[in-house]
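Engineer:
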Amino acid sequence: MSGLLPSAKEQNKAACHICGRAQDAQNERCERCHTPLHVRKHDSIQRCLAFCVASVLAYIPANIWPIMIVHEFGSAEPTTIFGGVIQFWESKVYSVSIIIFTASVLIPGLKLASLCWLCAVSKGWMKTEGQFATKIYWVTELVGRWSMLDVFVVAILVGLIQVGNIMSITAGPAVIAFALMVIFTMIAAHSFDPRGIWDHIRQNEKQPRPH
Ligand SMILES: [Zn+2]
1 MSGLLPSAKE QNKAACHICG RAQDAQNERC ERCHTPLHVR KHDSIQRCLA FCVASVLAYI
61 PANIWPIMIV HEFGSAEPTT IFGGVIQFWE SKVYSVSIII FTASVLIPGL KLASLCWLCA
121 VSKGWMKTEG QFATKIYWVT ELVGRWSMLD VFVVAILVGL IQVGNIMSIT AGPAVIAFAL
181 MVIFTMIAAH SFDPRGIWDH IRQNEKQPRP H
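Position 83 of the sequence shown, counting from 1, maps to 83 under this note's numbering, and the rest follow consecutively.
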């Protein structure tokens with residue numbers, strides 16, 4: 001079982017996250033490239049959860065405020081993210097509707113939920129297989145690279161539709177709240193230290209099982 005082998009932390013070793021050199025964990029800076037050395041990211045779970053909360057808080061105005069304002073025949077109609085999803089769906093532009101829904105509701109929601117779950121696993125509040133939690137972390141990281149997608153979608157839409165004379169779209173204040181939400185989620189994901197998942201599982205393995 002992989003769990004029985006000692007981790008680098010238990011052997012008092014740490015790898016530099018810049019140059020990869022394995023060395024004494026007591027070193028304050030990497031002996032090769034002088035980067036500050038961390039065995040684990042400092043306050044990783046607290047920071048991750050704090051930025052998750054900030055992200056949820058930014059997500060509220062992102063959904064309440066208009067994300068875009070449609071100017072048509074002299075009238076201006078503000079639309080929220082969800083209003084936009086419905087509007088595009090009703091106009092039978094299903095692809096745009098699905099892209100907006102996926103990028104602005106589905107992905108951020110799943111990403112925040114999985115980060116909170118990973119924090120709970122690292123804290124030992126929830127029990128799961130380490131390999132499964134690692135896979136979830138890996139998917140979260142991968143998906144995170146696409147989380148700016150929605151900002152691009154809005155930018156493209158604004159650019160595209162402004163070309164026409166009849167209808168034009170300008171970005172609403174929710175774009176700023178949405179961008180903040182995306183940034184906070186990115187910092188939350190970056191703060192999380194996946195090695196923490198295994199620290200807790202190893203602790204459980206060392207404890208004698210009750211008979
Ligand atoms: Zn180094």
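Ideal placement from N, C-alpha and C gives every residue a C-beta, glycine not left out.
I need the straight-line Cα distance from H34 to S122, nearest angstrom please.
Structural biologist: Between H34 and S122, the C-alpha separation is close to 29 Å.
Engineer: Kindly list the residues whose CB is nearer than 7 Å to the CB of F101, restricted to its own chain and excluding five residues on each side of it in sequence; keep chain order.
Structural biologist: Correct list, in chain order: V85.
Engineer: With K13 as the anchor, note down where its beta strand (DSSP E) starts and where it stops.
Structural biologist: Element bounds for K13: K13 to A15.
Engineer: DSSP puts T79 in a beta bridge; with which residues?
Structural biologist: DSSP lists M68 as partners of T79.
Engineer: Whole angstroms are fine: how far does the CA of E28 sit from the CA of N12?
Structural biologist: About 13 Å.
Engineer: Could you pull the start and end residues of the alpha helix (DSSP H) that A103 belongs to?
Structural biologist: No alpha helix (DSSP H) contains A103, which DSSP labels as neither H nor E.
Engineer: To the nearest angstrom, report how far apart I81 and Q131 are at their CA atoms.
Structural biologist: The straight-line gap from Cα to Cα measures roughly 36 Å.
Engineer: If you reduce the DSSP assignment to three classes, tell me which class S2 lands in.
Structural biologist: Residue placement at S2 cannot be trusted, given a pLDDT of 49 that sits under 50; what the coordinates show is reported in the next sentence. It is helical.
Engineer: When the Cα atoms are used, what is the spatial distance from M181 to P108?
Structural biologist: Rounded to the nearest angstrom, the two C-alpha atoms are 9 Å apart.
Engineer: With DSSP collapsed to three states, give me the class of R21.
Structural biologist: Reduced to three states, the DSSP call for R21 is coil.
Engineer: I'd like to confirm something about R32: is its beta-carbon nearer than 7 Å to some heavy atom of ligand 1, or not?
Structural biologist: Under cutoff, so the answer is yes.
Engineer: Report the three-state DSSP secondary structure of A171 (helix, strand or coil).
Structural biologist: The answer is strand: DSSP assigns A171 an E or B state.
Engineer: Check whether the Cβ atoms of L142 and C48 lie closer than 8 Å to each other.
Structural biologist: No, Cβ-Cβ distance for L142 and C48 is not below 8 Å.
Engineer: Out of E129, S168 and D24, state which residue places its alpha-carbon closest to the alpha-carbon of F73.
Structural biologist: For the residues E129, S168 and D24, the minimum Cα distance to F73 belongs to S168.
Engineer: By DSSP, does P36 sit in helix, in strand, or in coil?
Structural biologist: Strand at P36.
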